[in-house]
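Below is one structure, written out as structure tokens, with a few remarks after it.
There are 2 protein chains.
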Amino acid sequence: MDENGAMPAGDVIEQPDRPWNRGLLRRTNERLLLDRLRALGTASRAQLARETGLSKPTVSTALASLAAAGLVHEVGTLTPERGRTAVLYAPDPAAGYVLGVDIGRTWLRVAVVDLDGAVAARADVRNRARTSTALAGLVVDTARRVIADAALDPAAVVHGVVGTPGVYDPARRRVRYAAHLPGWGRAGIVDRLGEELGMPLEVHNDANLAALGEYTYGAGAGSRLLAYLLIGTGLGMGVVAEGRLCTGAHGLAGEIGFLPWPGGPKPERLEDAVSGVAVVAAARRFGMSGRLTAKAVFDAARLGVPAAVRAVELEAERVAYTVAAAAAVLDPDLIVLGGGVGQGVDLLLGPVREHLRALTPLRPRIAPSRLGEDAVLLGAVATALDTARDLVFEHRTAGT
Amino acid sequence: MDENGAMPAGDVIEQPDRPWNRGLLRRTNERLLLDRLRALGTASRAQLARETGLSKPTVSTALASLAAAGLVHEVGTLTPERGRTAVLYAPDPAAGYVLGVDIGRTWLRVAVVDLDGAVAARADVRNRARTSTALAGLVVDTARRVIADAALDPAAVVHGVVGTPGVYDPARRRVRYAAHLPGWGRAGIVDRLGEELGMPLEVHNDANLAALGEYTYGAGAGSRLLAYLLIGTGLGMGVVAEGRLCTGAHGLAGEIGFLPWPGGPKPERLEDAVSGVAVVAAARRFGMSGRLTAKAVFDAARLGVPAAVRAVELEAERVAYTVAAAAAVLDPDLIVLGGGVGQGVDLLLGPVREHLRALTPLRPRIAPSRLGEDAVLLGAVATALDTARDLVFEHRTAGT
DNA sequence: CGATAAAGTTAAGGACCCTTACCAAGGTCG
DNA sequence: CGACCTTGGTAAGGGTCCTTAACTTTATCG
């Protein structure tokens, strides 16, 4: 997961061969309590003692220490059936904030959320930048504005995750394969972004983040292995196994645009056969004309325009092939369809399932995206929260 | 990884929400020392103190405790450049043994190895069993014989891993999709095996274990993401990412036999197009006759028999397609070719690489299997060792 | 108003680890 | 040959953390 990340922000990851001296024991227990408290939402000290197996005095002192660091606070009282009223504690969502960024070809989305995942501020602006410098500037400006809108001290934003097409190469410090964003592959851009914003940044592939977004907040909750198919301007896939992103050896896992597609007379790339562009091309081939978009074709198909219907039918066939390939290799229990073609999911879902029946005995559940256009942004936020929760906790111990 | 396993043998897996009381602290440090000692092979207490960051007294007492439990022992002394001679310690490989079993259609292989992975005894017998009962009996008999050959108390064998075609379904306690082993899918067979042998057994898919074998002992050392293509009677793939097996949501990951293969007039399964049977069928179609095996076809191709050459060429094309599909979805840095077709790897490797160039821009390293027929057995052993090392350690603390 | 029950606190005790200091053993150098 | 250095290993003391076992506090119920 961190292979794609820039500036991994210190040793957040527990070094397994560090000795377990007393300090770590204390820290680990405090962390255990904090995590449990997050899971419960709110709890009394006695309840936490029962849940974690720690003794009541230990819970009391540890929670006091967490409260002193600003990570938890009292939120009220609860009087049980009988017995003394309990003081309830909850994690303080304002202990840290994270930035999520979705850099798309047409839209730039930025959100700041607190540790609970509640959105403090958000902005969606059109991406009209024609150069990488302009784009970087737009990202920085928008991010600063969003942070200001949330009335936050910029230092309170402890981590940021950026979703973009392509793959971040941490060794060369640059984005690769981002064909649709001119100049975006220049080295050092991400570093500069992080510097100007004054926070550690990670960069991840947009399909990967969308998968994580759907897993965390959307259609994929509880899935053991989820594949998110992003069918838009391009074609991508993100894979989440047991809650963790599978990025492959070079971060290229899920680049199923590179799947060989034997449909045509000569081998072509699947991306050219499945993406939104292909839908338009097919519709044109079947007789539609004018300024077409994928959305327009789907709308026409809904109205029964024959050429559009045939184009959608063809698209379904190809999506089914894609799904079948992913299913055979990965054995997901859920495949989420998203991206620009998400607008046509209602039309595609049935035919895709139909074709799939002929293609393979494996039949994973297929569901439409539930987050829609927000999948990448929410995935970025979820990823950032994961590391930010570690970060805030570690910082605390350093500060105390 | 443990999703496929039967009888997970107690709570080997650390429960993350168990409180970190002092006992666990001690255990964790002892475990840290043991692991470090395994990595170093042999070391003095002072050296271990430097390496782990623990203090010398702590290392001394912990090591004494490990020695009392029989997990480590003194192995000699070392006089450094200057200074007092050090007492060297090493993990005791005889602290436990594991059983590895490879149930193939034609061969049954069984090995007993110590914790260092050194083979104590091994047997390879022909699998002539026609019923599941006979096969189970053969496995038990052979395993008992191997344990006896190694002059071991059966109780010293703490864990076993069985590799078999198909997928173990832990919920229904049976093997599924084991088409080539009649009756092997009956429920309870694995349970009975474990009972009769008196040890906890895990069952894994053979391709998965072979992948793990090549990763641990063979061509895949250090690979970040390895895919092992098992081309034999059937077609299978095992995936090892970051040293861990990827089994998918239902243990069916890598069942690329189910990939749609659009080559023929009607869609057929890739397994039918790529496996050893397909090589023979192709050779026959191109004019060869007589009692053919895949090996015979490859031998003939080496001698230049045209029909055989064409069959191999076709096979290469299809293997290339398989590799391309796996590469696009998973982004491995290494693909190992093994199985019965392994005998023809010398002929296939070049053409496969050639075809791949036309199919996809992704070009993972492709290597022949280095373990050959032993891949599954060694993978079983490696898997068993992983859990056995935990098991032996946990047992110790229980016993003391 | 006392019995009961649950939340939380206080005090004593134990387990573990670390630091400091010390001893032991082998070599080098005067 | 003995002082010194360097390294391995042990002993004693101190500190931190957790737990157990009481105790206090505060609510409900009869």
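Protein chains in written order, with our numbering: chain S, 129 to 528; chain P, 129 to 528.
For glycine and all other residues, C-beta sits at the position ideal for the given N, C-alpha and C.
Owing to the predicted nature of the structure, the values given are computational and were not obtained by experimental measurement.
For a Cβ distance threshold of 7 Å, residue set E383, I384, F386 and L387 of chain P lies close to S/A456, ordered along the chain. Only R352, L353, A369 and C374 from the region 349 to 375 of chain P bring a Cβ to less than 7 Å from some Cβ of chain S. Listed in chain order, the positions of the region 252 to 273 of chain S with a beta carbon within less than 7 Å of a beta carbon of chain P would be empty, since no residue qualifies. Counting only residues of its own chain and dropping the five nearest sequence neighbours on each side, P/L199 has a CB closer than 8 Å to the CB of L162, P219, D220, A223, V520, F521 and R524. With a 10 Å radius around the Cβ and a threshold of 16 neighbouring Cβ atoms, P/H201 comes out exposed. The residue among S/A299, S/G322, S/G366 and S/I231 with its C-alpha nearest the C-alpha of S/P282 is S/G322. Here P/E482 is exposed: its Cβ has fewer than 16 other Cβ atoms, across all protein chains shown, within 10 Å. Spanning the alpha carbons of S/M365 and S/V451 requires a straight line of approximately 10 Å. About 11 Å separates the CB atoms of S/A503 and S/G228; that is not less than 8 Å, and the two are not in contact. Per DSSP, the continuous alpha helix (DSSP H) segment holding S/V473 begins and ends at V473 to L487. Chain S has no Cβ within less than 9 Å of the Cβ of P/Y343. The distance from the Cβ of P/L329 to that of P/V318 is about 6 Å, consistent with a contact at the 8 Å cut-off.
Non-local C-beta neighbours of P/A410 in its own chain, meaning closer than 6 Å and more than five positions away in sequence, comprise A439 and L442, ordered along the chain. At a cut-off of 9 Å between beta-carbon atoms, S/G379 makes contact with chain P.
Straight-line measurement puts the Cα of S/A214 at about 50 Å from the Cα of S/V473. The three-state secondary structure of S/N157, taken from DSSP, is helix. S/A452 reaches chain P at F386, L387 and P388, counting residues in chain order whose Cβ is nearer than 9 Å.
Contact of S/L340 with chain P is not assigned, every C-beta pair being separated by 9 Å or more.
Of the residues S/P496, S/D459, S/P492 and S/L487, the one whose Cα lies closest to the Cα of S/L475 is S/P496. Excluding sequence positions up to five before and after P/S351, its CB lies within less than 6 Å of the CB of D461 and L462, all in the same chain and listed in chain order. Excluding sequence positions up to five before and after S/A264, its CB lies within less than 7 Å of the CB of I317, R320 and L321, all in the same chain and listed in chain order. For P/A338, the secondary structure class from DSSP, reduced to helix, strand or coil, is helix. Counting the other CB atoms within 10 Å of its CB gives S/R159 a total of 16 or more, which places it among the buried residues. Between S/V433 and the set S/A448, S/S417, S/R446 and S/V187, the nearest pair of CA atoms involves S/S417. For S/A411, no beta strand (DSSP E) segment is defined; the enclosing uninterrupted segment is the alpha helix (DSSP H) at G404 to R413. In the three-state scheme derived from DSSP, where H, G and I count as helix and E and B as strand, S/R304 is classed as strand. Residue state for S/R438 is assigned as helix, using DSSP reduced to three classes.
Of S/R210, S/V247 and S/A190, the smallest CA-CA separation from S/L505 is found for S/V247. Under the 10 Å beta carbon count, S/R173 is surrounded by 16 or more other beta carbons and is classified as buried. Taking a cut-off of 8 Å on C-beta distances, the region 352 to 361 of chain S touches the region 331 to 342 of chain S, as three or more cross pairs fall below it. In the DSSP assignment, P/T205 falls within the beta strand (DSSP E) that extends over V200 to L206. Out of S/D230, S/Y225, S/G232 and S/V290, the CA that lies nearest to the CA of S/D244 is found in S/Y225. Counting only residues of its own chain and dropping the five nearest sequence neighbours on each side, P/F414 has a CB closer than 6 Å to the CB of A435, R438 and A439. With fewer than 16 neighbouring CB atoms inside 10 Å of its own CB, P/E209 falls in the exposed class.
Between S/V402 and P/I384, the beta carbon gap of about 20 Å keeps them out of contact (Cβ cut-off 8 Å).
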